[in-house]
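This report concerns only the one structure given below.
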Amino acid sequence: MTSAASPAADDSRFGRDRKVSLMGPLPLDCGAELSPVELAYESYGTLNADASNAVLVCHALTGDQYVASEHPVTGKPGWWARLVGPGKPVDTDHFCVICVNVIGSCMGSSGPATINPATDAPWGMDFPVITIADMVRAQALLLDHLGIEKLAAVVGGSMGGMQALSWPVLFPDRVQASLVIASAARHSAQNIAFHEVGRQAIMADPRWRGGAYYADGDAPASGLAVARMAAHITYLSEAGLTEKFGRRLQDRDAKSFGFDADFQVESYLRHQGISFVDRFDANSYLYITRAMDYFDLADQGDGSLAQALGRAKARFCLISFDTDWLYPTAESRRIVHALNAAGAEASFVELSSPFGHDAFLLENPEMDRVVSGFLGNGGEV
Amino acid sequence: MTTNLRPDLAVIYDQIAPNSRVLDIGCGEGTLLAALRQDKAVDARGLEINPVKVATAMGKGLSVVQGDADTDLADYPAGGFDYAVLSQTLQTTDHPDRIVESLLRIGARAFVSFPNFAHWRVRLNLLTGGRMPVTRLIPERWYNTPNIHHVTIADFEDLIAERGWQVEGRWFLSGDATTGHMMGNLLAEHAVFLLRG
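Protein chains in written order, with UniProt numbering: chain H, 1 to 381; chain B, 1 to 197.
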């Protein structure tokens with residue numbers, strides 16, 4: 001531990017709605033380098049004197065750094081506010097929780113919508129293609145800036161889980177515990193296929209214009225909404241959809257024999273699509289889905305997941321949900337088998353929920369118990 | 001003894017050396033593992049099939065994997081543990097002989113405990129009532145019992161001899177007390193074996 005004294009309470013590096021521009025440069029998997037690296041983040045709780053209580057929370061594809069505070073665009077509570085906070089399973093009375101907007105995204109970190117210093121115009125599709133490992137390396141850059149050498153834990157769900165899984169492999173000496181929820185060590189052909197539908201929807205929108213739509217503010221909203229609608233289906237379960245909507249009609253007594261949103265489920269998806277475009281950038285959607293598609297942690301171990309995970313020194317905990325067909329339990333089990341083969345310390349449980357992949361964002365007392373049990377132990381010296 | 005463990009677990013607990021590495025297969029809510037970790041600084045890991053029990057054990061901060069002993073033991077490296085523990089689970093597995101072999105591959109030593117289906121009360125039940133016995137240690141009826149391979153102490157000793165495993169210890173339990181080895185197959189409700197490959 002090299003860190004100096006505890007950051008003062010008024011240390012401007014910590015708190016809500018922080019933003020920093022670091023010179024880097026950040027070498028990327030594609031061969032390019034990013035500099036400067038802009039990172040938008042939030043922190044909750046207080047870093048202790050030896051900087052040993054930091055927990056990094058990693059967000060999902062369309063998530064952001066507002067994990068436990070009101071979203072500035074939607075006004076809604078943080079996406080994991082039920083899990084992160086004082087006295088909650090990720091206890092901010094205990095831990096200093098940090099959440100960073102991933103690079104490639106659109107809530108303040110470097111991405112296609114930010115300014116390319118070489119041209120003084122938004123990057124658009126000139127932004128380099130990034131990977132999950134690049135996101136993790138960018139987060140490490142921020143931790144250096146914050147004076148945090150070692151993480152007590154890294155926690156993430158879905159794409160955040162991919163980062164949580166990558167952290168102890170890429171930085172074995174910087175992570176003590178990794179909590180991976182509803183995630184996978186690789187993107188399957190089916191996952192890639194769904195993402196490709198979304199990307200094609202965006203690129204087929206005439207307003208996309210090769211990604212150069214920032215100047216006149218006329219974004220490919222229809223394409224992005226369709227992409228979101230298709231993706232949203234994969235986040236739910238058939239049983240959950242049937243229970244919520246069935247074949248019930250929306251605001252009418254009979255079928256219209258037309259193409260209005262006759263069914264409640266259609267109207268729900270349209271609403272999900274439309275509200276998404278207010279808070280997300282279409283190009284970011286392209287870059288981040290691509291990063292996920294490229295993800296296969298076995299790449300870090302010459303094709304062997306066990307070899308890749310063998311580099312890690314962290315304790316691992318994995319949680320899957322029985323109705324999640326986007327990242328099904330079999331993918332988590334594959335990781336657990338590799339961890340066992342590597343002799344790593346691993347915990348795993350498949351929890352029951354009717355809500356499909358989305359279950360990781362929703363109320364689940366058993367998940368809370370597992371999370372606090374795993375982190376509580378990690379908090380001990 | 002600092003904990004009030006089930007009698008077979010208490011025997012196992014007493015035998016396990018401090019600071020050793022232990023894998024408890026069918027660990028339930030992790031009672032044995034928690035005691036070993038707390039009192040003996042044991043590197044404790046568990047495998048359990050029931051997700052609710054796994055969640056409870058994980059809530060205690062234990063490292064437990066939800067999985068099936070019949071299929072998942074193959075993923076553990078050879079010699080990864082000082083002890084592999086299989087308590088009251090052998091009789092519920094598809095291939096008990098293969099499970100014990102896996103235990104001896106994964107652990108330098110293996111504890112195996114099981115209810116003795118040759119206990120006199122079981123014999124009497126079947127002899128006089130003509131029905132599958134329901135006893136304290138075998139509480140389920142024939143149609144809903146998880147026990148699919150009924151085994152007696154004599155049966156298990158035959159298997160040990162056949163496979164050439166070494167017996168480093170054996171404990172025969174009746175109620176909370178250990179009984180002598182004389183007539184163990186008749187008098188013991190429960191047996192614990194410590195094996196070496």
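Note that beta-carbon positions come from the ideal geometry of N, C-alpha and C, so glycine has one too.
Everything numeric in this text was worked out from a predicted model, so none of it was measured.
May I have the straight-line CA-CA distance separating residue i from residue j, to the nearest angstrom?
i                      : j                      : result
residue 138 of chain H : residue 152 of chain H : 18 Å
residue 80 of chain H  : residue 361 of chain H : 6 Å
residue 194 of chain B : residue 171 of chain B : 9 Å
residue 258 of chain H : residue 334 of chain H : 46 Å
residue 126 of chain B : residue 120 of chain B : 10 Å
residue 119 of chain H : residue 102 of chain H : 23 Å
residue 267 of chain H : residue 95 of chain B  : 53 Å
residue 378 of chain H : residue 78 of chain H  : Because residue 378 of chain H carries a pLDDT of 41, less than 50, the predicted location of this residue cannot be relied on, and the following value inherits that uncertainty. Looking at the two C-alpha atoms, the distance is approximately 24 Å.
residue 53 of chain H  : residue 63 of chain B  : 21 Å
residue 338 of chain H : residue 330 of chain H : 12 Å
residue 47 of chain H  : residue 96 of chain H  : 5 Å
residue 153 of chain B : residue 180 of chain B : 13 Å
residue 373 of chain H : residue 83 of chain H  : 13 Å
residue 314 of chain H : residue 12 of chain H  : 30 Å
residue 273 of chain H : residue 65 of chain B  : 38 Å
residue 380 of chain H : residue 176 of chain H : Note that residue 380 of chain H scores a pLDDT of 41, beneath 50, so its modelled location is shaky; the value from the coordinates is reported in the next line. Using only the alpha carbons, I get a separation of about 11 Å.
residue 366 of chain H : residue 15 of chain B  : 34 Å
residue 295 of chain H : residue 130 of chain H : 10 Å
residue 5 of chain B   : residue 172 of chain H : 38 Å
residue 351 of chain H : residue 363 of chain H : 12 Å
Leaving out the 5 sequence neighbours to the left and right, which residues in its chain are closer than 6 Å to residue i when beta-carbon positions are compared?
i                      : result
residue 93 of chain B  : 69, 70 and 99
residue 276 of chain H : 228
residue 78 of chain B  : 105
residue 93 of chain H  : 86
residue 180 of chain H : 161, 164, 165 and 318
residue 293 of chain H : 187, 192 and 195
residue 25 of chain H  : 33 and 35
Confirm, please, whether the CB-CB distance from residue j to residue i is below 8 Å.
i                      : j                      : result
residue 107 of chain H : residue 291 of chain H : no
residue 300 of chain H : residue 306 of chain H : no
residue 316 of chain H : residue 347 of chain H : yes
residue 51 of chain B  : residue 173 of chain B : no
residue 160 of chain B : residue 151 of chain B : no
residue 28 of chain H  : residue 141 of chain H : no
residue 214 of chain H : residue 122 of chain H : yes
residue 368 of chain H : residue 89 of chain H  : yes
residue 158 of chain H : residue 61 of chain H  : yes
residue 26 of chain B  : residue 73 of chain B  : no
residue 289 of chain H : residue 356 of chain H : no
residue 51 of chain H  : residue 148 of chain H : yes
residue 312 of chain H : residue 168 of chain H : yes
residue 124 of chain H : residue 212 of chain H : yes
Does any CB atom of chain B fall closer than 8 Å to the CB of residue i?
i                      : result
residue 350 of chain H : yes
residue 369 of chain H : yes
residue 340 of chain H : yes
residue 321 of chain H : no
residue 388 of chain H : Any property of residue 388 of chain H remains undetermined from this structure, which presents chain H solely from 1 to 381.
residue 336 of chain H : yes
residue 360 of chain H : no
residue 42 of chain H  : no
residue 82 of chain H  : no
residue 266 of chain H : no
residue 355 of chain H : no
Keeping to the same chain, check which residues put their C-beta closer than 7 Å to that of residue i; ignore five residues upstream and five downstream.
i                      : result
residue 107 of chain B : 23, 81, 82, 83 and 84
residue 15 of chain H  : 43
Which whole-angstrom value describes the C-beta separation of residue i and residue j, a residue pair presumed to lie in contact below a C-beta threshold of 8 Å?
i                      : j                      : result
residue 34 of chain H  : residue 110 of chain H : 6 Å
residue 60 of chain B  : residue 28 of chain B  : Actually they are not in contact, since the Cβ atoms of residue 60 of chain B and residue 28 of chain B sit about 12 Å apart, beyond 8 Å.
residue 349 of chain H : residue 370 of chain H : 6 Å
residue 41 of chain H  : residue 18 of chain H  : 5 Å
residue 283 of chain H : residue 113 of chain H : 7 Å
residue 122 of chain B : residue 133 of chain B : 4 Å
Taking only beta-carbon positions, decide if residue i is within less than 8 Å of chain C.
i                     : result
residue 75 of chain B : You won't find chain C in this structure, because its protein chains are H and B.
Nearest chain H C-beta to residue i closer than 8 Å, yes or no?
i                      : result
residue 133 of chain B : no
residue 61 of chain B  : yes
residue 80 of chain B  : yes
residue 51 of chain B  : yes
residue 38 of chain B  : no
residue 54 of chain B  : yes
residue 199 of chain B : Nothing about residue 199 of chain B can be read from this structure; chain B reaches only from 1 to 197.
residue 42 of chain B  : no
residue 65 of chain B  : yes
Once the 5 residues before and after residue i are set aside, which same chain residues still bring their CB inside 8 Å of it?
i                      : result
residue 263 of chain H : 245, 247, 248, 249 and 250
residue 55 of chain H  : 90, 95, 96, 97, 98, 151, 152, 153, 154, 155 and 375
Give a single yes or no on whether residue i has its beta carbon closer than 7 Å to a heavy atom of the ligand ADP.
i                      : result
residue 121 of chain B : Here there are no bound small molecules, and the ligand ADP is not part of this structure.
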